[in-house]
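Notes follow the structure.
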Amino acid sequence: MSDITADMRVSQYKELLRIRRTEEILAEEYRKGTMRTPTHFGIGQEAVAVGVCGGLNLGDVVYTHHRSHTHYLAKGGSPFGLIAELLGREGGCSRGRGGSVHLVDRSVGFLGSSPVLGHSLALATGSALAFKMDNKPSIAVAFFGEGAFDEGSAWESLNYAATWKLPVMFVCENNLYATESPLSVRQPEGTSFCERANAFKVKSQRVDGNDVDAVFGSVKSTIDACRSGAGPVLLECMTYRWREHVGPLWDYEANRTFRPKAELESWMEKCPVKRSGGKLISMGISQQSDLDSWRADINDEIENILQNAYDSPWPDPSTLFENI
Amino acid sequence: MSDITADMRVSQYKELLRIRRTEEILAEEYRKGTMRTPTHFGIGQEAVAVGVCGGLNLGDVVYTHHRSHTHYLAKGGSPFGLIAELLGREGGCSRGRGGSVHLVDRSVGFLGSSPVLGHSLALATGSALAFKMDNKPSIAVAFFGEGAFDEGSAWESLNYAATWKLPVMFVCENNLYATESPLSVRQPEGTSFCERANAFKVKSQRVDGNDVDAVFGSVKSTIDACRSGAGPVLLECMTYRWREHVGPLWDYEANRTFRPKAELESWMEKCPVKRSGGKLISMGISQQSDLDSWRADINDEIENILQNAYDSPWPDPSTLFENI
Amino acid sequence: MREIKYSKALSEGMVEEMERNKDIFITGISVDYPSGIFGTTTEASKRFGPKRVFDAPAMENALMGIAIGAAAVGKRPIIVSPRADFMFLSFDMLLQLAAKWKYMFGGNGGTVPVVVRMIIGRGWGQGSTHSQSLQSTLAHFPGLTVVMPAFPADAKGLMISALRHNGPVVILEYRTLYDTLGEVPEDSVPVPLGKANIIREGSDVTIVATSFMSYEALHAATELESQGVSAEVVDLRTISPLDEETILNSIKKTGHLVVADTSWELCGVSSEIAALAAEKGFNFLKAPVRRIALAACPAPVSQPLEKAFYPTAATIVKAVMVMLGRSAGNVAHLDRIDNFKGPY
Amino acid sequence: MREIKYSKALSEGMVEEMERNKDIFITGISVDYPSGIFGTTTEASKRFGPKRVFDAPAMENALMGIAIGAAAVGKRPIIVSPRADFMFLSFDMLLQLAAKWKYMFGGNGGTVPVVVRMIIGRGWGQGSTHSQSLQSTLAHFPGLTVVMPAFPADAKGLMISALRHNGPVVILEYRTLYDTLGEVPEDSVPVPLGKANIIREGSDVTIVATSFMSYEALHAATELESQGVSAEVVDLRTISPLDEETILNSIKKTGHLVVADTSWELCGVSSEIAALAAEKGFNFLKAPVRRIALAACPAPVSQPLEKAFYPTAATIVKAVMVMLGRSAGNVAHLDRIDNFKGPY
Ligand SMILES: Cc1ncc(C[n+]2csc(CCOP(=O)(O)OP(=O)(O)O)c2C)c(N)n1
Ligand SMILES: Cc1ncc(C[n+]2csc(CCOP(=O)(O)OP(=O)(O)O)c2C)c(N)n1
Ligand SMILES: [Mg+2]
Ligand SMILES: [Mg+2]
C-alpha cells in the first residue's frame, strides 16, 4: 500500500466525505416528500465505491444496481444531475425519467444503474465482451449487493465472463442483508461467495469493504491482470447498510427489528469515513481542523447544488413521448 | 457392491437391454416419418437411468428433460404409453398432446419430462420441498444434461435445495456436448461441476455413467442420508450420446463432424449394456445363450407393442379443447 | 355489512382457505416481514408460522418451478411478488410449465394449482421497471387464469376461488388499492372466476374497466351523471377467461363502449374488449369504441410526466362526452389527490 | 429479379450489413454450426469467422443482458434463438433493459441497438413449449420494434433496417418460411420499419395478416377470386409500431376486415387490428370484423389436433364468405401438403 501518496489519501477521504454528506443531506431532504422516487441510500458503504473507482481509468465503465448513488458519485457523476433526478427535474441525469434507480452519466463512464437484481453483472460482462473484441484496454465494473447472487443470471454472467476471460470486475457489496432477509435464509450454512466464484473460475478476494485502503489495494492488485486478459475478478466487500433498505429512516425510527441494534452499532464503529479521516490524522497528513473545514466546504457545496436542483424546471408533459 | 444379488444383476441387465432395444427399434421406426415429434434418443446413456431408478422406491418421483425415454422406462413408465405418444395416438401417455418431450406416468412416479433446460431441477426441488413439509420419506430426482448447468436457474435450484436441505437428487448426464457444442465453449477450462456443487453446499459424486453398478452404488451410498434430511446430492454421471442430438441418425449418416469418430467409438466400447452383460457372463451368472434369448423376447415384446400402438386411435379433433 | 380494507380482504381470503386446506403455503420475497406485503400476509404468518409462510431468496426463475413441482405432488403454493415486473424472470416456468401442464400431458399429469400474486401499478414514482401491469401479456397464453380484483369483496372472493381452482391463477393487485375500504362478507364466499361484474347500471354508455381503472370509471360515471349521461360500469375482474356475455349484453343495452385498462393499448386488454365488440357486438354499436390505456411509452418518474402518463376519471369522462358528440367541459376537479406515500 | 430463399435473404441482409458495419456480431446457441440456423448464419460464419459469429451457452437470461451491455458501448449484437419460446428466459433483460433503456435514462444513456432473431411457429409436432409466436406479447411493450417478415424480400430488407435502427428490434421468423422463394434485390435495399405492405389489391374485403398467415391469406385470396370475391391482402410486416394508416385506408376501401395472425387471439395482434378498426375505422365497416388466430389452447403434438389448432387459407376463405353472407362451399382442396420434415 506504500504506493498511496498522502495526496491520494486526502482526496480519497474527501471523496468519502463528499458522498457521505451528499447522501445524508438527501436523506434529510427526502423526508420532506419532494423526492418521489424509491431511494436506496448507500450510507455506510462508501468505501467500496471510492476504493474501486479510485483504481479505474476514465475509459473504464461502471454499472450498478438500485443502491447506486455512491457508485455514480465516485465514478464522477454530476451531483447536480443526481439531485435534480431525485427531484424529478428536467436537469436530472436522466431528465427526470429515471429517478434514483435509473441513473446515468456517460461522460464519466457511469453507464447506468438498474434496480433489477442481476442486471449490472450481465451488462458489465457485455461491455467487457465488446472491449475484448475491439482490443480496447478498458475494464467494465459491475457493482451489486450479495442479494444478486440469489439470482441465477449472476452465475450465468460469471460463467460467461470466465469462459471468455473477459476484462470485468464483479464488485459485490456484501452487507449481510437483502432488504430484511439475512444471508441465513438465502444461502446454505457455510457458504462462501469467493469459493463459489473460484469454482466458476473467477478469481476472487474478500476484503474489508469499510476500509478504503483495503478495497483500493485489492483493485490495484488485480486490475492489471484483469485488464490484460487474465479473466474476471470478484471482489467481495464486506460492509453494512446503516439506514433502512429503501428510504431515509434509521431502524429505530421505523421500529425495525430484523437486525440487532448492537450489530448496526458495531458496524457504525467501523465507519469508512471516520476510519479514513482517522488515518489522515494518525499518519500526520492532516489535522482535525482540516477535516472540519473540508466538511464545511462540502456541506456548502451540496446545499448549494440542492437549491439549484430545485430550480431546475419540471419536464414538460408535451415531451412525454420523447426517446422511446 | 457386494449387496447386489445375482438376480438384481440379471434384472438390471434386462432393463438396460429393454431400454436399449426399445429406443433402437423406435429409432428405426422414426425414419419412416410416422413419429412427428422431435425425439432425442438416450441410446448409450441407459446405465444412468437404470442405476438411479433401481435405487428408488415407488414413492419417489422423477422429472427429466428432453432426452427422457430412458428415465421414463427405467422408472417403470408404460412402454405402450411411450410408443403411442410418439405416434401421436390417443393411447399415448400424454394422449398424443405431448410428444417425445412431454411424457408422464404418474402411476409409477414419473411426474414429467420438460424440454426446457433447467425445468427438471426446479420441479424436483419443489416436490422435495413438499415432501419435507409433509415429513414424507420420499425423494425427488431430477435428470438433466450438463447443458442445464449453463442455465442460471439450475444454480438457483441447487442453492435453494441446499439452503433447505431438501431430499432431492440432481442427476446430471454429462455427455460432453449440448447439441453440438462441446464443454469447452460453454465453461471455463478446468471446470468441475462437482466442485461447483460443493461450493453450493450440495454433496456431489462423479461416477462412470456407463457402468450401471457404479451408478447404482453411488445412489445407494447417498440416498439414505438424502432421504433423511442431510440435504441434496449431485451425481455427475459421465456418459456419451451415440446418435444425433435430435433424431435417429448416426454422425456419419448426417455428415456430422463436431465430434471425432474415434471419440464416439471409444465410448461405444464402453457400452453400458455390453458391460453389464459381460459381467453376467464373467461372473458366471448367465451364459451368452441366456442373453440371446432375453434379447429375442424383448424384441418380440417391443415389436408387439409398436404394432398395438399403431392401432391406438388418433385423438378426435373435437377434443382439442380438453384439459386446458 | 362490515367494511374492511382490500389488504385485509386478501388476508382473510388466504387465512380462511389456509384453515380449510393445509396444503396451502405462502412464499416469496419478504412475505414473512412485519410489513407483510402491505399487511396481506401478516395474519397468515402469525397464525400458521414459518412452516407455511416463509421468505424466499430473489430467484424468481427457479422459485416458480419449485412452486409447480410442489403443486405437482399436492401442494397449493401461493407465490407473491412485490412487483409484477420481477416476474418476467418467472415467465419461463409460469408460461412453459404452469400454463401448459394440464394440457401438454393430456390431463394425465394432473394440474398444478399455483396461485401467483403480483403487485402492479403506480405508486411513489416507481418508474419504468417497477410499475408494469402484466394482465395483457399473461392473458394471451391459454392455461392461465388471470384475475384483477378492484374491490375488497372481490379481493377476498377471487382469492378464495383461486385457492380452490384446479389450475394456476395469477392475481394482479394494484398497489394503491390496499388501503381502500369496502363491504366484505365475513363468510368465505367465493367470487366466481371468469365473471365480470356490473358495478353500476346505466343506459347511455358502457365503460369496461380493470382493477384501479374501475374506481376511476365509477368516479367518471358520477360526473357523467351530473352531466346527464347514464354510464354502465363493468368491472372485468377476470381477464382470462373473458366474460364475453356480460360485456356484450351491456353493449347491447347502451350501444357505446369505452374500455379503460391499467396496461398498454397495443395488444392489451383495452384492445381485446374493443375487438370483442367489433366482432360480436358490432351490430349493437352506435359509435366507434374508445380505448383508454397507459400512454404508449415506458413509465416516467417525474410527477408532471406521470400525470400525463396515467389515464384517470377525467380521461374517461372526456372520451365518453366526445363519443356522445358533446363537450366535456372542465374536468380538472376529477383529479384525485395522490396521497400514496413512499419510500417504495 | 432473381429469386432466392427466405433463409438466403436473411443471410444476405446480415452479411451485407456486417460488411458495412464491423460492430455487428452474431451469437446464440448453434449459430456457428454447419446447419447455421436453417442456413441463415452459415455465410456470415464463413465470411467473418468465429470472432463475429460465435456459439453461446444456453443462458438466455444473462446473454440478453450481455448483448445490451455490448450495445451500450457501441456494438450491434444479433442474438439468435432457435425457438422463441426459450426467450421467455430473456424477457427480463429484453423488456426491462433493452425496451426501456433509451427512455428511462431520458435519452442520456444512448440506445442499445440489439437485434433479436427468434424462430416461431409450426413444424414437426413441436408441441406446446416449442412453437409459440411471441409478437403480441412483445409488441405490448413500448420501446421494442417487432417485425415479422413473411417474404424473402422483406426478410432481407427488414433485416437491413433492423441493423441500422437506433434501438432494439425483434425479428420473428416462421419456421416453415425458410425454404420459400421470392424475388429479392441484389442490392442492400432497406424495407422501412413500421410500414405494412399491400401484397394484393382488392375491393371487397381486407385481410390483414402476419408472417406465415400472409401466405395463407394470398392463397385464400386466389380462391376467393375464383368465387367472385376481390380480397385485398395487407401483410403487416411490422407489429410495433403499427402502420395504422395502411390498414385503415384498406378498410375504407373494402368495408370488411378479416385479421389472420400466427399467435393467440386474446390480447393478440388479431384483436389489436380489430380494435383499431372499431376505434378508428368504425365508420368504414359494413360488417363485424373477424379474427383468425390459433385455437385457444396450448399447441398439441398429434397431427389431427395440430390440424384443428392451426388456422389455414381455408379458415380465411370461410370467414370471408360468411362475412359477405355467402356460403364457402368445400375448401378442403386449399389445405397444403405439410412437407416440413423433422427431426426438429
Ligand atoms: C429480480 C429482482 N427481484 C427482486 C427485487 C426486489 N429487491 C430490491 S432490492 C432487494 C434486495 C437486494 O439486496 P442486495 O442485492 O444484497 O443489495 P442491498 O439492497 O443489500 O444493497 C430486492 C430483493 C429486485 N429488485 N429484482
Ligand atoms: C432454455 C433452453 N434453451 C435452449 C434449449 C435448446 N436445447 C435443446 S437440447 C439442448 C442441449 C442440451 O444439452 P444437455 O443439457 O447437455 O443434454 P443432452 O442433449 O446432451 O442430453 C439445447 C441447448 C432448450 N431446450 N431450453
Ligand atoms: Mg445486501
Ligand atoms: Mg449434454
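Residue numbers (this note's numbering), protein chains in the order written: chain Z, 7 to 330; chain D, 7 to 330; chain F, 896 to 1239; chain W, 896 to 1239.
Idealized CB from N, CA, C, for every residue including glycine.
So, are the CB atoms of residue i and residue j less than 8 Å apart?
i: I921 of chain W; j: R897 of chain W; result: no
i: C1162 of chain F; j: S1031 of chain F; result: yes
i: I932 of chain F; j: A953 of chain F; result: no
i: G1016 of chain W; j: R1070 of chain W; result: yes
i: V1184 of chain W; j: E1139 of chain F; result: no
i: V279 of chain Z; j: L23 of chain Z; result: yes
i: G115 of chain D; j: G65 of chain D; result: yes
i: F149 of chain D; j: H46 of chain D; result: no
i: V1153 of chain W; j: V1226 of chain W; result: no
i: V890 of chain W; j: I1066 of chain W; result: As displayed, chain W neither begins before 896 nor continues past 1239, which places residue 890 of chain W out of reach and without an answer.
Does the beta-carbon of residue i, which I'm using as the reference point, lie nearer than 7 Å to any heavy atom of ligand 4?
i: A148 of chain D; result: no
i: Y183 of chain D; result: yes
Could you name the residues of chain F that residue i contacts, counting a contact when the two beta carbons are closer than 8 Å?
i: R1185 of chain W; result: E1174
i: Y998 of chain W; result: S1023, C1192, P1193 and P1195
i: R192 of chain D; result: Within 8 Å Cβ-Cβ: nothing; R192 of chain D doesn't reach chain F, min ~19 Å.
i: T131 of chain D; result: A957, G960, I961 and G964
In chain F, what lies closer than 7 Å to residue i by C-beta?
i: A128 of chain D; result: A957, G960, I961, G964 and M988
i: P321 of chain Z; result: S1197, P1199 and L1200
Cβ closer than 9 Å: which chain D residues qualify as neighbours of residue i?
i: Q1021 of chain W; result: T43, P44 and G105
i: K207 of chain Z; result: Q193, P194, E195, G196 and T197
Is residue i near ligand 2, with its Cβ less than 7 Å from a heavy atom?
i: H1060 of chain W; result: no
i: E955 of chain W; result: yes
i: F981 of chain W; result: yes
i: I961 of chain W; result: no
i: R73 of chain D; result: yes
i: A951 of chain W; result: no
Indicate, with yes or no, if ligand 3 has a heavy atom lying under 7 Å from the CB of residue i.
i: G151 of chain Z; result: yes
For residue i, go through chain D and note every residue whose CB falls closer than 7 Å to its CB, in chain order.
i: L992 of chain W; result: Those do not exist, as L992 of chain W stays about 16 Å from chain D at its closest Cβ, beyond 7 Å.
i: P952 of chain W; result: D156 and R192
i: S159 of chain Z; result: G158
i: V1124 of chain F; result: What V1124 of chain F touches in chain D: nothing, since even the nearest Cβ is about 40 Å away.
Could you work out which residues of chain W lie near residue i, taking near to mean beta carbons separated by less than 7 Å?
i: V122 of chain Z; result: D987 and Q991
Run through chain Z and tell me which residues come within less than 7 Å of residue i, C-beta to C-beta.
i: A168 of chain D; result: P194
Which bits of chain Z does residue i rub up against, with CB to CB less than 8 Å?
i: P977 of chain W; result: Ordered by position in chain Z, no residue passes the 8 Å Cβ test against P977 of chain W, which lies about 18 Å from the chain.
i: E201 of chain D; result: A205
Determine the chain W residues that contact residue i at a beta-carbon separation under 8 Å, and present them in chain order.
i: S1031 of chain F; result: H1035 and C1162
Could you tell me which chain F residues have their CB closer than 9 Å to the CB of residue i, listed as they occur along the chain?
i: E162 of chain Z; result: Going along chain F, no residue has its Cβ under 9 Å from E162 of chain Z, so there is no contact; the nearest lies around 10 Å.
Would the beta-carbon of residue i be found less than 7 Å away from any heavy atom of ligand 1?
i: I924 of chain F; result: yes
i: R1221 of chain W; result: no
- Ignoring anything shorter than 4 residues or poking outside the region 124-151 of chain Z, list the alpha helix (DSSP H) runs there in chain order. Entirely contained in the region 124-151 of chain Z, the alpha helix (DSSP H) runs reaching 4 residues are, in chain order, 125-139.
Run through the region 1040-1113 of chain F for me and flag every whole beta strand (DSSP E) of 3 or more residues, listed as ranges in chain order.
1040-1042, 1064-1069, 1076-1078, 1092-1095 and 1100-1104
Please give me, in chain order, every unbroken run of the alpha helix (DSSP H) with length at least 4 that falls completely inside the region 49-127 of chain D. You should have 52-59, 75-80 and 85-92.
| In chain order, which alpha helix (DSSP H) runs of at least 4 residues are fully inside the region 231-298 of chain Z? | Taken in chain order, the whole alpha helix (DSSP H) runs of length 4 or more contained in the region 231-298 of chain Z are 267-275 and 278-288.
**Request:** Could you name each continuous alpha helix (DSSP H) segment of 4 residues or more that falls completely within the region 1126-1204 of chain F, going from the start of the chain to the end?
**Result:** Qualifying alpha helix (DSSP H) stretches, in chain order: 1139-1149, 1164-1175 and 1198-1204.
Next item on the list: Counting only runs of 4+ residues fully inside the region 1008-1038 of chain W, write out the alpha helix (DSSP H) ranges in chain order.
Entry: 1030-1034
Mind pulling the alpha helix (DSSP H) runs of 4 or more residues that sit fully within the region 961-1017 of chain F?
Taking only runs of at least 4 residues, the alpha helix (DSSP H) segments lying wholly in the region 961-1017 of chain F are 996-999.
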